[in-house]
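Protein chains in written order, with numbering that gives the first Met the number 0: chain A, 0 to 313; chain B, 0 to 268.
Note sheet for the following structure.
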Amino acid sequence: MLRYAFSRLLALSVSLCVASVIIFAAIEIVPGDPAAYMLGLNAAPDTVAALRAELGLDQGAVARYFTWVTGVLQGDFGTSYTYRTPVGEMIGERLWISLPLAMFALTLSTAIAVPVGLWAAATRGRAPDLGSMGATQLGVAVPNFWFAMILVTIFAIHLRWFSAGGFPGWDGGLLPGLKALTLPAIALALPQASILARVMRSALIDTLGEGYIRTARAKGLTRGQVLWRHAFRNALIPVLTILGLQFSFLLAGGIIIENVFFLPGLGRLIFQAIAQRDLIVVESVVMLLVFSVILVTFLVDIAYAAVDPRLRRS
Amino acid sequence: MGKLLLGGALIVVFAAAALLSLIWTPYDVTALEIPERLQRPGLSHWLGTDHFGRDILSMIMVGARVSLAVALVAVGIGLGLGVPLGLLAAARAGGLVDEVVMRSADLVFAFPALLIAILITAVFGPSAFNAILAIGIFNVPVFARLTRGAALSLWQREFVMAARVAGKGAFRISVEHILPNLANLLIVQGTIQFSLGILAEAGLSYVGLGAQPPTPSWGRMLAESQTMIAIAPHLALFPGLAIVLTVLGLNVMGDGLRDRLDPQLRPRR
Chain A
0 MLRYAFSRLL
10 ALSVSLCVAS
20 VIIFAAIEIV
30 PGDPAAYMLG
40 LNAAPDTVAA
50 LRAELGLDQG
60 AVARYFTWVT
70 GVLQGDFGTS
80 YTYRTPVGEM
90 IGERLWISLP
100 LAMFALTLST
110 AIAVPVGLWA
120 AATRGRAPDL
130 GSMGATQLGV
140 AVPNFWFAMI
150 LVTIFAIHLR
160 WFSAGGFPGW
170 DGGLLPGLKA
180 LTLPAIALAL
190 PQASILARVM
200 RSALIDTLGE
210 GYIRTARAKG
220 LTRGQVLWRH
230 AFRNALIPVL
240 TILGLQFSFL
250 LAGGIIIENV
260 FFLPGLGRLI
270 FQAIAQRDLI
280 VVESVVMLLV
290 FSVILVTFLV
300 DIAYAAVDPR
310 LRRS
Chain B
0 MGKLLLGGAL
10 IVVFAAAALL
20 SLIWTPYDVT
30 ALEIPERLQR
40 PGLSHWLGTD
50 HFGRDILSMI
60 MVGARVSLAV
70 ALVAVGIGLG
80 LGVPLGLLAA
90 ARAGGLVDEV
100 VMRSADLVFA
110 FPALLIAILI
120 TAVFGPSAFN
130 AILAIGIFNV
140 PVFARLTRGA
150 ALSLWQREFV
160 MAARVAGKGA
170 FRISVEHILP
180 NLANLLIVQG
190 TIQFSLGILA
200 EAGLSYVGLG
210 AQPPTPSWGR
220 MLAESQTMIA
230 IAPHLALFPG
240 LAIVLTVLGL
250 NVMGDGLRDR
260 LDPQLRPRR
C-alpha cells in the first residue's frame, strides 16, 4: 500500500510541475505589459520601468517562474497588480465562499443520487426505475445556470424565500450564509446528482448480477439485505470515481453559478482579474483549481486502493 | 429504435433550423426595433422579442448554428487528435510513448474546459473560435483514453494476430483492423461529447467567453435575459429550452445508437 501511495504521490508531483509550467507559459504569452496597462496611456517610461521592477517584471521568464513557484510553495502567491494586496489573502477570502459552495453541492448531489440510484436498481425495469431514469436524463440535459435562473424566479422573485443573489458573509452566523448558498448549491447539484444516480444504478445492477450475490440470496438473505450489505459496498468503486471527477466539475461549474448569484467567490475573482489584466491573480487561481483537481484525483486513487486491495498490485 | 428516432428527430429540427438560418431567418437578428421590444409570443413574433426588439425565434435559429458548429468542431478536434494518440498508445502499450500519452491525458483532465477557456481568453480574448479550442482540447484525452482502452483488447484478438503473422506493421494494423472495429464506440462517444460541447458552449457564452455580439448565442441570450426575468420570462425560457432539447436529443440518440450499434454495451435491464 505504501509503495502504491508513493508512486501515486510521484505522479502527483510531476503533474503539478507540468501544470504550473503550462499555466505560467500561457499567461506569459499574453500580449501587453501589465505595468503599462496599470499606469495608463500617459505614463512616463521611467514610471513604467519603476513599476516593472517593483512587480518583478524586469526579470527573465525563467527567474520569474521560479520566484512564483517557490512563493506558491510557501503560501505566497505574490501581490495583485490591481489591488496591491497579497493574492493569497484575496484567494483565502474568496475560498470561504467557493469551497463551502462546492462541498454543499457535493453533499446535496450525493444525498439525492444514492437513494435514487438504489431505488432505481431495486425496481429495475418497473415504473420507479423508468421514471427516475427519465428524470435523470432530463437533469443531465439542463444547463445548471439556466436551472439557477429558474430557481431564482420561483424561490426568490415569486415566493421570496431566498434572496436572488449576494452573500451576507459568515460573520452574521452560519445560517444566513448557508441560506445564501442554498439555491446556488441546488443548481450545481442537479446535473451532478443525475449523473451520479445513473452511475449508482448501473453499478448496482452490474454487481447484482455477480455470483456472490446469488450465493448470498441462496443463503437466505432478503433482496434488501443483499442490496445493502453486498451490492451497495461493491458498487461504491465506480461511484467514487465519478464523485472524484465531479469535484472538478463542481469547482468549474461554481465559477459560472457564482456569476448567476453574484457570489464574491473565486469565479467572480477570476473574471474581474481577466477584465483588469491582473494576470498574477488569474495564474494563481487557475493553479489553485488545477491543484485541487489533481489532489482529489490522487485521493480517489488512494481511496480505491483502500477499498479494493487488487488495485494496489496493478 | 424509438430512442434513435426521437433523439434523431430533435436533432434534425435544430440542425435544419441552423442550416436554414444561413439563408433565411424570419427577421434580421442584428436589426434593433426598439418599439417592438419585449413582446410576448404572438403571431408576428412566434417566440416574442427581446429588450432590443430582436425576434427571439430568429436569434434561436442563428444560436443553433453557433452551438452546433462549436460543439461539432470541438468533437472533430477530439476525434482527430485523440483517436490517433489512443491508437499509438495501444500499439506501443507499456512503452514510453504509451506512458507519455496517458500521463498527458491525465494532465489535460486536470484542466476543466472552463479553465482552459479562461486561460485562452486571458491570452487571446473571448471568441467562438477560442470556445471551440477550449472544448476541443478537453475532448482530446477523452477520445485518447477510450481509443486506447478499446484498442488494447482488440490487439489480443485473433484477427489482429493473423494480420501480424501476415507481416503487417503496427500502423497498418491500427488503421486497417483496429480503427474500423472502434467506429461504433467512437460514434456513441462522439454524440455524448457533442451534447457536453453544447452545454459547455452555452456556459462559456453565458459568462462572455464564447461567441461575441452581434452574433446571437443561446448562452448569451440567457445572460442578457437574467435582469429581465421577472418582467419577460419568455426571454429566458426559449433559449433554455433550445439547449435542453438539443442536449436531450443528442443523449437519447446516443443511447439509441449504442443499443443499435453495440449490443454488448447495452445496459442490462
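Ideal placement from N, C-alpha and C gives every residue a C-beta, glycine not left out.
By the rule that beta-carbons nearer than 8 angstroms mark a contact, GLN211 of chain B does not touch chain A. Look at the stretch 120-145 of chain A: the residues with a C-beta under 9 angstroms from a C-beta of chain B are ARG123, GLY124, ASP128, GLN136, LEU137, VAL139, ALA140, VAL141, PRO142, ASN143, PHE144, TRP145.
A contact between stretches requires three or more CB pairs, one per stretch, nearer than 8 angstroms, and the stretch 232-246 of chain A meets this requirement with the stretch 202-219 of chain A. In the displayed model, ASP277 of chain A falls within coil according to three-state DSSP, outside both helix and strand. Closest in alpha carbon position to ILE117 of chain B, among B:VAL61, B:ARG171, B:GLU200, B:LEU145, is B:GLU200. Sixteen is the threshold: since fewer than 16 other Cβ atoms of the shown chains lie within 10 Å of the Cβ of ILE33 of chain B, the residue is exposed.
For THR240 of chain A, the closest C-alpha among the options A:VAL306, A:GLY116, A:VAL299, A:LEU249 is that of A:VAL299. Nearest to ILE26 of chain A by C-alpha distance, out of A:SER131, A:ARG63, A:ALA110, A:ASN143, is A:ARG63.
For PRO85 of chain A, the three-state secondary structure derived from DSSP is strand. As DSSP reads the structure, ASP54 of chain B sits in a beta bridge with B:THR48. Beta-bridge pairing by DSSP links THR78 of chain A to A:PRO85. By the C-beta criterion, the stretch 22-33 of chain B is judged not to be in contact with the stretch 288-307 of chain A, since fewer than 3 inter-stretch pairs fall below 8 angstroms. Not flagged as an interface residue toward chain B: SER79 of chain A, since no C-beta distance is shorter than 8 angstroms. One alpha carbon belongs to LEU256 of chain B, the other to ALA251 of chain A, and they sit about 30 angstroms apart. With contacts defined as CB atoms closer than 8 angstroms, SER193 of chain A and VAL139 of chain A qualify as a contacting pair. TRP95 of chain A sits in a helix when the DSSP states are folded into three classes. In the structure shown, THR29 of chain B adopts coil according to DSSP, grouped into three states.
Here TRP67 of chain A is buried, its C-beta having at least 16 other C-beta atoms within 10 Å.
Under the three-state reduction of DSSP output, THR24 of chain B falls in the coil class, being neither helix nor strand. Chain order gives the chain B residues near ILE22 of chain A as LEU118, where near means a beta carbon separation below 8 angstroms. In the three-state scheme derived from DSSP, where H, G and I count as helix and E and B as strand, LEU256 of chain B is classed as helix. The C-beta distance from ILE212 of chain A to THR206 of chain A rounds to 7 angstroms, short enough to meet the 8 angstroms contact threshold.
VAL206 of chain B is positioned such that its CB atom lies no closer than 8 angstroms to that of ALA127 of chain B. Chain-ordered listing is empty here: chain A has no CB closer than 7 angstroms to the CB of VAL99 of chain B, the nearest sitting near 11 angstroms. Here MET0 of chain A is exposed. Its C-beta has fewer than 16 other C-beta atoms within 10 Å. Annotation for MET132 of chain A: the continuous alpha helix (DSSP H) segment containing it runs 126-140. The shortest C-alpha to C-alpha distance from VAL306 of chain A to any of A:LEU11, A:LEU268, A:ILE255, A:VAL238 is the one to A:VAL238. For VAL17 of chain A and ARG102 of chain B, the gap between their C-alpha atoms comes out near 11 angstroms. Setting aside the 5 residues that flank it on each side, LEU182 of chain A is surrounded in the same chain by ALA147, LEU150, VAL151, PHE154, ALA155, PHE161, PHE260, each with a C-beta closer than 8 angstroms to its C-beta; the list follows chain order.
DSSP places MET148 of chain A in the helix class (H, G or I) of the three-state scheme. CA-to-CA, the gap between ILE279 of chain A and THR78 of chain A works out to about 8 angstroms.
Nothing from the stretch 132-152 of chain B brings a Cβ to less than 8 angstroms from some Cβ of chain A. Taking the beta carbon of VAL289 of chain A as reference, the chain B residues within 8 angstroms of it are ALA109, PHE110, LEU114, listed in sequence order. Judged by pairs of C-beta atoms under 8 angstroms, the stretch 178-194 of chain B does not touch the stretch 35-47 of chain B, as fewer than three such pairs exist. By the Cβ criterion, the stretch 81-96 of chain B is in contact with the stretch 148-160 of chain B, since at least three pairs of Cβ atoms, one from each stretch, lie closer than 8 angstroms.
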